Amino acid sequence: MLDKIINELRSGKKLVLIHSNADPDAVGSAYALAQAFPDITIGVYEGISKSSKKLINKIGAEVVVNPDLNDFEKFFVVDTSTPSLLGNLANDIKKPIIIDHHAKTSWENAKMYYHDEKPSCAEIIYEILKKANFKMNRNVGFGILAGIITDTGRFRRADVETLKIFTSIMEETKITMDEVLSLVEEKPDKSEKIALLKAGQRLKYGVVNNFVIAYSMIGAFEGSASRALTSLGADVAVIGRQKNNEFVVIARSKNSVPVHLGEMMDEIGRETGNSGGGHKGAAGLNGAGDAEAMMNICVQKVKEKLRNIKQH
C-alpha cells in the first residue's frame, strides 16, 4: 500500500488537507510530504493551532486556509479521522487518499486508505519518506519530531518503535531534545489563563470505581483545559465548548483508565449523528447542537463504562 501511495505522491498537482485547528502532528506530517514530493500544497479548514504557528514559523511551512479545490488534481487527507474536521471542504473532495492513525475513522469513498494505529501520524509519514529514499533535513526533522512529541503526550503514549524513530531522526539531523522541547512548549497568554480559571469556576466532578471524572464548559482553549484538569488530579477530563450552533467536546484520560476514549467518542458520534474519534487517552466529538448537553452525554457514557469495569 505504501508503494501505491508513493506513486500517487510523485505525480500531479496535489493538495494535502489537514483538520481544522491543526496540531503539530498534522502540520509536521503535511510539511514533510510537501518537502519530499513535488507540487504539493498544504491546505487547512479555518486555521491551525497556536502551537502549530510556532512550528511553521520555525520551518517556513506555507499553509493555505480554505483552499480552492478546483486548483488540484489529487487530494490527500492526513491525520484527520472524520470528514467533519474539514468543514465544507469535505463535500467537494474527489476520491481522497487518506493517511491516518486514529482508532476509528468515518471516511467513505476514498480512493486509497492507509491506516495504522500508531501513537502519531508523523510516524507513518516517516515510513513513507524512508521508503521513498528521502534524505532527512533539519526542517522536516523538526516537523516530524514536533508531531511525535505532542501527539504522544511527551512520550507517555509512545511505544518502542516511536522512540526508535525519534532517536534516528535526532541522530540524522543533529537536532537536540532541547530544540524540540523549546519548539513545542508554550506559555499561556492572559486570555488562556482567564479561560482556564473560568473552566475551574464551572468545574463539576464525580467518582466511579475510584476514578475521578471532572468536566466543565469553556469558551476557548479546550485542549489546555482538559490537560489542566488531569494535571489537577482528574483521571478523566471532559470539556465542552459552544461556537454559534456548533459544539466541540474534548476528553482526556490518564493511562490507568481502562476506557478507550476514541472508540467511545466514535460510538457517541454515531448514536447522535455527529462526528467523534481519537485515541485511547485523548479524543473529541463535534457537530451541531448544544455543547453542554453533549458534554453531559459524554460524561454519562464514561461513567457507564467505568461502572462496568470489574474491580480486582
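Using the working numbering, count along the sequence shown one by one with no gaps and you end on 1683.
Where is the CB? At the ideal position from N, CA and C, for every residue including glycine.
No experiment lies behind these values; they were computed from the predicted model shown.
Item, Value
"So, helix, strand or coil for Asp1637, using DSSP?", "helix"
"Quick check: the region 1476-1485 against the region 1518-1532, are there 3 or more CB pairs under 8 Å?", "no"
"Give the DSSP bridge partners of Lys1385, in chain order.", "Ile1411, Lys1445"
"Inspect the CB distances between the region 1562-1572 and the region 1512-1524 and report whether three or more fall short of 8 Å.", "no"
"Would a C-beta distance cut-off of 7 Å place Val1579 and Leu1677 closer than the cut-off?", "yes"
"If you run the structure through DSSP and keep just helix, strand and coil, what is Arg1525?", "coil"
"Have a look at His1683 and Phe1582 and give me their C-alpha separation to the nearest angstrom.", "Its pLDDT being 46, under 50, His1683 is placed unreliably in this model, and the value from its coordinates should be taken loosely. Near 14 Å, if we compare the C-alpha coordinates of Phe1582 and His1683."
"Considering Cα atoms alone, identify which of Lys1625, Glu1617, Gly1652 is closest to Glu1634.", "Gly1652"
"DSSP three-state label for His1683, please.", "Only weak support exists for where His1683 lies, its pLDDT of 46 falling under 50; the coordinates are left without a value."
"My assumption, with CB atoms under 8 Å, is that Gly1644 sits in contact with Glu1617. Please give the rounded CB distance.", "About 13 Å; that fails the 8 Å criterion."
"Could you compute how far the alpha carbon of Gln1671 sits from the alpha carbon of Glu1557?", "33 Å"
"Taking C-beta to C-beta, are Thr1451 and Val1435 nearer than 7 Å?", "no"
"Leaving aside the five residues before and after Gln1613 along the sequence, list all residues of the same chain whose C-beta is less than 6 Å from its C-beta, in chain order.", "Ala1662"
"Which full runs of the alpha helix (DSSP H) of 4+ residues lie inside the region 1544-1597, going along the chain?", "1548-1555, 1561-1572"
"Met1665 and Val1620 - do their beta-carbons sit closer together than 7 Å?", "yes"
"Counting C-beta neighbours from all protein chains within 10 Å, is the total for Thr1453 16 or more, i.e. buried, or is it exposed?", "buried"
"Once DSSP output is grouped into helix, strand and coil, what is the label at Tyr1484?", "strand"
"Nearest-angstrom Cα distance between Gly1649 and Glu1488?", "10 Å"
"Please name the residue in Asp1410, Glu1479, His1473 whose C-alpha comes closest to that of Asn1462.", "Glu1479"
"Since I believe Pro1438 is in contact with Leu1386 (beta carbons under 8 Å), could you give me their beta-carbon distance rounded to a whole number of angstroms?", "6 Å"
"Taking the alpha-carbon positions, what's the Val1673 to Asn1626 distance?", "15 Å"
"Note down, in chain order, each residue of its chain lying with its Cβ closer than 8 Å to the Cβ of Glu1444, except the 5 sequence neighbours on either side.", "Gly1383, Lys1384, Lys1385"
"Note down the Cα distance separating Tyr1586 from Leu1574, rounded to an integer number of angstroms.", "6 Å"
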